[in-house]
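Single-structure report; data block below.
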Amino acid sequence: MEDKITNTDEQSLKGTLFSSLVFVGGGIVAFILLLFIVYMTRV
Numbered sequence: 636m637e638d639k640i641t642n643t644d645e646q647s648l649k650g651t652l653f654s655s656l657v658f659v660g661g662g663i664v665a666f667i668l669l670l671f672i673v674y675m676t677r678v
């Protein structure tokens, strides 16, 4: 029983870490792209 709980916690932790990394990484990439597009349209 305890093994199942530990395994589930580990999976949910990995899922949370993965989703937060994707979200933060995607936000940074989107911000850089936005700055690049604004810069290109002004030049």
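According to the numbering used here, numbering within the sequence shown proceeds without interruption in unit steps and concludes at 678. Where a beta carbon is used, it is the ideal one built from N, C-alpha and C, also for glycine. Note that the structure is a prediction, hence the values are computed from the model and not measured.
CA-CA distance, residue i and residue j?
i, j, result
"G662", "T651", "16 Å"
"S647", "V657", "15 Å"
"S655", "L669", "21 Å"
"V673", "G660", "20 Å"
"T676", "V664", "18 Å"
"D644", "F666", "33 Å"
"F671", "F653", "27 Å"
"V678", "K649", "43 Å"
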